[in-house]
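Quick note on numbering: the sequence shown equals residues 4 to 445 in the numbering used here.
Heads up, the thing below is written out as structure tokens.
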Amino acid sequence: MQQVTVLIVDDNEVQRKVIEFNMAREGYAALGAGTIHDALLRISEHRPALVITDVMLPDGNGIELLERLMSLDPGLPVIVITAFGTIRMAVDAIKKGAYDYLTKPFEKEELSLVVRQALQGREQPQDTTRFGIIGESPAIKEILGIVQRIADADAPVLITGESGTGKEVVAQAIHAAGSRRGRPFVAINCAAIPADLLEAELFGYAKGAFTGALKDKEGRFAMADQGTLFLDEIGSMDIGLQPKLLRVLETGTVERLGDTGTMQINTRIVSATNADLRSLIRKGAFRDDLYYRLNVIPVNIPPLRERTEDIPLLARHFAAAYAHQGGLVISDEAMDRIVHHPWYGNVRELQNFIRRIAVFKGSGTIMLQDTAANLPEPVVPLEHQSSPAGESMDEAEKRMIVSALEKSGNNMSRAAQILKIPRHKLIYRMKKFGLKRPDKSA
Ligand SMILES: Nc1ncnc2c1ncn2[C@@H]1O[C@H](COP(=O)(O)OP(=O)(O)OP(=O)(O)O)[C@@H](O)[C@H]1O
Ligand SMILES: [Mg+2]
4 MQQVTVLIVD DNEVQRKVIE FNMAREGYAA LGAGTIHDAL LRISEHRPAL
54 VITDVMLPDG NGIELLERLM SLDPGLPVIV ITAFGTIRMA VDAIKKGAYD
104 YLTKPFEKEE LSLVVRQALQ GREQPQDTTR FGIIGESPAI KEILGIVQRI
154 ADADAPVLIT GESGTGKEVV AQAIHAAGSR RGRPFVAINC AAIPADLLEA
204 ELFGYAKGAF TGALKDKEGR FAMADQGTLF LDEIGSMDIG LQPKLLRVLE
254 TGTVERLGDT GTMQINTRIV SATNADLRSL IRKGAFRDDL YYRLNVIPVN
304 IPPLRERTED IPLLARHFAA AYAHQGGLVI SDEAMDRIVH HPWYGNVREL
354 QNFIRRIAVF KGSGTIMLQD TAANLPEPVV PLEHQSSPAG ESMDEAEKRM
404 IVSALEKSGN NMSRAAQILK IPRHKLIYRM KKFGLKRPDK SA
């Protein structure tokens, strides 16, 4: 049988060697690191199944390391070792996703027990939690396979899927799985920024390039050199800006605004959209030549309702992440109800739902009645929606806007994403219907 790898992070060498020795005696492959920096290197090389970390480290603290690890792989069990009397630190660690903590001094049997439990309690086989992508449906397994295979290629990737399906998670995974991982992952949302500003953001500019260009500014392409540039909501990119992006893809060079020289860049482009680019092409809103350039490696993430096998894993994962001390589990009836919900808002909607329950309950068991009170009304996206008889277009639109705002917790950008319209359109329509903007208090 293959040995399970355990990483021990502690700058106190004597202490670390003792733990390494004990772990090796228990049959684990024990690795050591003395700093956060070393720990991250070791993790990317060896992908340990469990991490034990001391809190005080020379280049930061164990909680920071924990946070980094949780963002890379929320399923990775991390055991934090705290000094006697720092209970607050321990509570903080648990809140941030640590599996457990041990207070110094501890018995070696105590540690062995916690390690064994953590490795057993891991909700799913290790390979399906890689890079923070949780799921065991055929679709997710296939996506994980693609991520690993394409991580070291430089070809552009286009990720498609409904809002909240995990497009950004997959983009980050592609970056984290390949040799670019030590370099920047730079994200920009093409829907959130007006066209001229987006151009300046992407390409950067020289001082004096336009009124207001008070000093040189580095563009996102350049920032992401040797790394990955994530162009989110690419379908919203202005048609006038699209040829400029196409040129970068064709030539591998960027020109800053107001600058004559060109700069060679090696930036991997990963873009994402929840819009149907082909239909945008038919409408003349998206260039087909750009589409083919971006879509060299297509990755489609199906909606959660089409991969219900993933729902229990995700629900348990979020319950564990948001639980207060003591843990939060889900009863069978509640899980059954959750699995059968349509989740039009996909993983994000499921995540918010569990978070809401965790806020009220803290810890314990999520029962059927807890789901009833917190399950969101299914908000059916525009394209699959039919209006109640007799309702006018305006009434239907207003109802959908109100419900999207409720669902997004009054977050305008999210609401716009749910409705699949640009944010400025949402603002315009809200004005038209006399709806108050939640982000502008009177
Ligand atoms: N497979 C997954 N495993 C773990 N967490 C996930 C997964 N898919 C999505 N999530 C979580 O769900 C939330 C939404 O994911 P993400 O932001 O990647 O979606 P998106 O497709 O980019 O959405 P949008 O179209 O609204 O931008 C995030 O908090 C993310 O961490
Ligand atoms: Mg996104």
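Ideal placement from N, C-alpha and C gives every residue a C-beta, glycine not left out.
Bear in mind the structure is a predicted one, so any value in this text is a computation, not a measurement.
Asked: Member of E352, I360, L371, G365 whose CA lies at the smallest distance from the CA of E380; Found: E352
Asked: Under 7 Å between C-beta atoms of D295 and L280; Found: The displayed chain sequence assigns Tyr, not Asp, to residue 295. No.
Asked: Best match in Q18, K99, I136, F87 for proximity to I304 [C-alpha to C-alpha]; Found: I136
Asked: Whole beta strand (DSSP E) elements within the segment 249 to 302, 3-residue minimum; Found: 256 to 258, 265 to 267, 271 to 276
Asked: CB contact flag (F134, A179, <7 Å); Found: yes
Asked: When A93, L260, L244, I284 are compared against V58, the one with the closest alpha-carbon; Found: A93
Asked: Coarse secondary structure for Y373, derived from DSSP in three states; Found: Reading off the sequence shown, one finds Asp at residue 373, where the question assumed Tyr. Reduced to three states, the DSSP call for D373 is helix.
Asked: Terminal residues of the beta strand (DSSP E) in which D103 lies; Found: 103 to 106
Asked: Environment of ligand 2 in chain order, Cβ to heavy atom below 7 Å; Found: K170, E171, D235, A275
Asked: V17 classed as buried or exposed, judged by whether at least 16 other C-beta atoms fall within 10 angstroms; Found: exposed
Asked: Residue span of the alpha helix (DSSP H) that contains D95, given as start and end; Found: 90 to 98
Asked: Separation of E145 from L105, as counted between CA atoms; Found: 38 Å
Asked: V350: CB within 6 Å of a non-hydrogen atom of ligand 1; Found: yes
Asked: Contacting residues, own chain, Cβ-Cβ under 8 Å from Q267 (five flanking each side not counted); Found: G255, T256
Asked: Three-state class that DSSP yields for E110 in the structure shown; Found: coil
Asked: F224 and T265 closer than 7 Å at C-beta; Found: no
Asked: Sequence-distant residues of its chain with Cβ nearer than 8 Å to Q245 (five each side left out); Found: F289, R290, L293
Asked: Ligand 1 heavy atom lying under 6 Å from the CB of N277; Found: yes
Asked: Euclidean distance between Cα positions of A324 and E309; Found: 24 Å
Asked: Min CB distance R271 to chain E below 7 Å; Found: Absent from the structure: chain E. Only one protein chain is present.
Asked: Cβ pair count under 8 Å reaching 3, the segment 313 to 331 against the segment 177 to 193; Found: no
Asked: Closest by C-alpha distance to G78, when choosing among P61, R91, A96, Y102; Found: Y102
Asked: Residues of its chain near D95, where Cβ-Cβ distance is below 8 Å and the 5 sequence neighbours each way are ignored; Found: I66
Asked: T168: CB within 6 Å of a non-hydrogen atom of ligand 1; Found: yes
Asked: Cβ neighbours of A121 in the same chain (closer than 8 Å, five flanking residues each side left out); Found: L53, P80, I82, Y102, D103
Asked: Assumed close pair N25, K111 - CB separation to whole angstroms, cut-off 8 Å; Found: 5 Å
Asked: Pairwise C-alpha distance: G261 and G211; Found: 7 Å
Asked: Alpha carbon of F213 to alpha carbon of Q328, nearest angstrom; Found: 54 Å
Asked: Boundaries (first-last residue) of the alpha helix (DSSP H) holding V192; Found: The sequence given here has Asn at residue 192, not Val. From DSSP, N192 is part of no alpha helix (DSSP H) but of the beta strand (DSSP E) over 188 to 192.
Asked: Any beta strand (DSSP E) of 3 or more consecutive residues that is wholly inside the segment 309 to 376; Found: 331 to 333, 367 to 369
Asked: Within 7 Å, strictly: CB atoms of R259 and G230; Found: no
Asked: Given P263 as reference, the closest of K401, G243, I149, G207 once Cα atoms are compared; Found: It should be noted that the sequence gives Thr, not Pro, for residue 263. Comparing Cα-Cα distances from T263 to each of K401, G243, I149, G207, the minimum goes to G207.
Asked: Check: I191 C-beta below 6 Å from any heavy atom of ligand 1; Found: no
Asked: Environment of F363 [buried if 16+ CB atoms lie within 10 Å]; Found: exposed
Asked: Under the three-state DSSP convention, the category Y3 falls into; Found: With the chain represented from 4 up to 445, any question about residue 3 goes unanswered, as that position is not in the structure.
Asked: Nearest-angstrom Cβ-Cβ length linking A158 and V299, presumed shorter than 8 Å; Found: 4 Å
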